[in-house]
Each structure stands twice: as structure tokens, then as C-alpha cells.
Amino acid sequence: FHARNNIIDFEGKRYLYIHDRDYLRIMDVTDPAHGKVVYSQGGVWGPKGSSEKYDPNTVQDYLGGATIAWSKKLGKPVMVASYEIGRYGLMQEKMEQPDKVAAQRHYNSLKGFKVFVMDGPLPSQWRLLATRTTDTQHPDAPVGQQQGSGSLDAPEYYGGKYMIVASAPDDSYALTEYPNYLYSPGYQVWDMSDPANPTFVSQVAVPGQILGNAEHEQTYLMNPRAGNRTSWMGARNPIFLPKSLEAGGKIGFGAMGGLGFYAFDLSNPARPKMLGNVNTPPSYAGTEFDNADVSQYERTGYVFTNGYPMNRDCYEPYKDIFVVDARDPARLKVAAKLPRPEIPPGAPFTSFCQRGGNFGPKRANAIGQPG
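Per the working numbering, the sequence shown starts with residue 31, numbered consecutively.
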């Protein structure tokens, strides 16, 4: 099972955070060869699953994708943790399970994010500064009445003024084929000048996301994936920034599943503009355009993007890593694909996915690394 992770330094020691919804493990990795667990909560995952029974239908509070950044204003690290509806074990087919759909509409946990200041490495040393729902039309709605998806995965936040999260703000962001997920997430920009008082700035949607909007619906129906009951449509991660907005960054890139890959002008965060997009022939199983690596954009004008790793049973198409020419963000084009890893001679398998696990790249653009 995959896990989210963060790394941070405290008082000369380095800590690794390993977490995903129902568990949190903190390791002292100051000496990586002799790491040790200093905090453990929840089940330990292994080949047979979790060591503790976990019911996703009853979860009420969990640490989702998180980003830790240094706050100059506070002079301390700040953690922003996403809270979203669960993606696993809640339902199988939304068209046939109205009771399960209703339960997700009225989810029993926060749909949004929380902000903590970290006085030390352990949860007992964190202080909650703010709680926000991504249902920006109903900012005071209690848990159970908040619309939309909540904040997906780790926020794009560098400790300065602006933060970007992936989120469907309400139930109209619903044009997606995925059989057990209700939303097509877009993006939100938040003002984090005061980490204790995050303020909503703007919402970003791309054509083909909003149910009840004729133009969005028409764009969606023109997508060759429409009706396949498989494709994830919309964001899984926030907009990827080659340079933070505080440092003068103006361009961002969005991986939007079956909707394609997008470039945005963020020179005015209150009014983001879509510059261009590119898509590829459908890959009907698994998630397309899950994330992007923009680390080389400032130097070369190219970015990498790929889908989600394959299921461990190999029962879906291979997910290529695409090289996108973004030198002109208004005219994105796929320039190449990275070569597929070759099987070693004499190996007892014909594909790396047959070794178990999930073959393929995942989140190459993680911003939570030390330094």
C-alpha cells in the first residue's frame, strides 16, 4: 500500500513522516542507515493489509496529504493537511448505490484542510491554527453539510502568501466517468499571508467539469472517454509550480486526468487564466495525467507528466511518461515518451508489474524534501 511522506528537520535531527488516512508513523532518520520509529498511531500495513481493522465509512478525522513549509511570519514550520472524502471502500458503482452516494454527499469528516504550527516533531507539539472547508459557497457549513470533494493530496504551498489545492468546491463538479468517485476536482487558490486565517482567492475549472453548464457538458461529451465508466476526469493534485508565486512564478501546470494536461497563467492569482492544453489517446484503465514534474521547466521549457502507477495485477495499459514541450504554454505538445524500463535477461517475468506492487512512476514532483 502506498503512503504519503514528508521530511523536516528539528533541532539537528531529521524526521520522516509516513501517513495515509488511518495511520501516522514518524521516524528519526538523522542517520538513514539506522532509522527508528519515534511515534506510531494506527495500523501497520504489510502484504496482507493493515494490522488493524479500518472502516473507511466511519473515519472522522485523518491526516491526508500534507505539506510542511517554513513560515517566515511565524518563524516556525507550518503543516497544511488535506481532508477529503475517502476514495477506497465506500462504494463500488455510484449509478447503482444511491445510499452510498448520499453518504459521500454528507460525509462524516471535514471536506477541506487544516493548518498546524509545529512547535516540535510530534503531534502533541502541534497547534491547530485554522480549519477551512473547500466548500467556499458555504464556508461555515458543519461537517456533514459541506459540498464537494475536500482538498485532494498535498497542497502546493511554500510557506508564503499563496497556496493552491485541488478540489471540487461543490456537487456540480461532477462530470467524471470513475465508477466509485463523484467529483471532477478543479483548483483553488488561497491567501495564506496569515496562516491562522486562510482566505479563499479564486477557483479554477477547465472545460468539461461542471454538470448543469451546457458548454461544460458539450465539451465533456466530445471527449472520447465520455461514457466509458472508467476514466478519472479532473485533478488529483494541485497546480504544479516551477517557481513559487512569491518568488515571481507566473506559470503553472495542471494534470487533469482524462481531461488532459493544462498550462495556466497565475500572474494574477485572483484571476487565473488557462493558456493551453494537450491530450493523448485514451488509456481506458487507470488514471491518466495524474501528476507532473516541472523541475526542468525553468531551464529547458519542458515538463514531464504521467498517469497513476498500474494495478498490481497488470490488468490495465502501461502508463507512459510524456515529455511535454511547454516553451510556448499556449501551444503545448507532446514531444516524446521516456523509454519503458527493459526486463533484465533471464528474469522470471515479462513485465515489471508481475513482480508485485504498482509498476510505474508516481509523484516525482514532491516538494517536501529537505533543503
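The C-beta atom is built at its ideal place from N, Cα and C for all residues, glycine as well.
- If you check the CB distance, PRO215 and GLY264 come in under 9 Å.
- Secondary structure note for GLU328: its alpha helix (DSSP H) is the uninterrupted segment 327-330.
- Under the three-pair Cβ rule at 8 Å, the region 60-75 does not count as touching the region 134-150.
- In the DSSP assignment, LEU251 falls within the alpha helix (DSSP H) that extends over 244-252.
- Of the residues LYS130, TYR92, MET109 and LEU182, the one whose Cα lies closest to the Cα of LEU159 is MET109.
- The closest CA to that of HIS64, considering only PRO199, LYS83, LYS43 and SER81, is found on LYS43.
- Assigned with DSSP and collapsed to three states, PRO312 falls in coil, not helix or strand.
- If you check the CB distance, ALA196 and ARG266 come in under 9 Å.
- In the DSSP secondary-structure assignment, LEU54 is bridged to HIS49 and GLN71.
- Collapsing the DSSP output to three states places VAL110 in a strand.
- The C-beta of ASP129 has fewer than 16 other C-beta atoms within 10 Å across all chains shown, which makes the residue exposed.
- Between GLU318 and SER381 the beta-carbon gap is near 19 Å, outside 8 Å, which marks them as no contact.
- The Cβ atoms of TYR92 and SER181 do not sit closer than 9 Å to each other.
- Residues of the same chain with a CB within less than 7 Å of the CB of TYR84, apart from the 5 flanking positions on each side, are ASP52 and GLY73 in chain order.
- For the 9 Å CB-CB criterion, PRO228 and VAL353 do not form a contact.
- Inter-segment contact for the region 308-323 and the region 371-380 is absent: fewer than three beta-carbon pairs are separated by less than 8 Å.
- From the listed residues ARG259, GLY337 and ALA204, the smallest Cα separation to ASN388 is found for GLY337.
- Looking at the DSSP output, VAL219 shares a beta bridge with ILE194 and SER232.
- Separation of the CB atoms of SER179 and TYR213 is rounded to 4 Å, and the pair is thereby assigned contact status at 8 Å.
- Nearest to PRO199 by C-alpha distance, out of VAL333, ASP165, GLU82 and SER101, is ASP165.
- Note that the region 362-371 touches the region 303-311; at least 3 beta-carbon pairs, one per stretch, sit closer than 8 Å.
- If you check the CB distance, LYS349 and GLY390 come in under 9 Å.
- Straight-line spacing of the CA atoms in GLU328 and PHE270 works out to 13 Å.
- Beta-bridge analysis with DSSP links ASN336 to ASN321 and ILE351.
- With 16 or more neighbouring CB atoms inside 10 Å of its own CB, ARG255 falls in the buried class.
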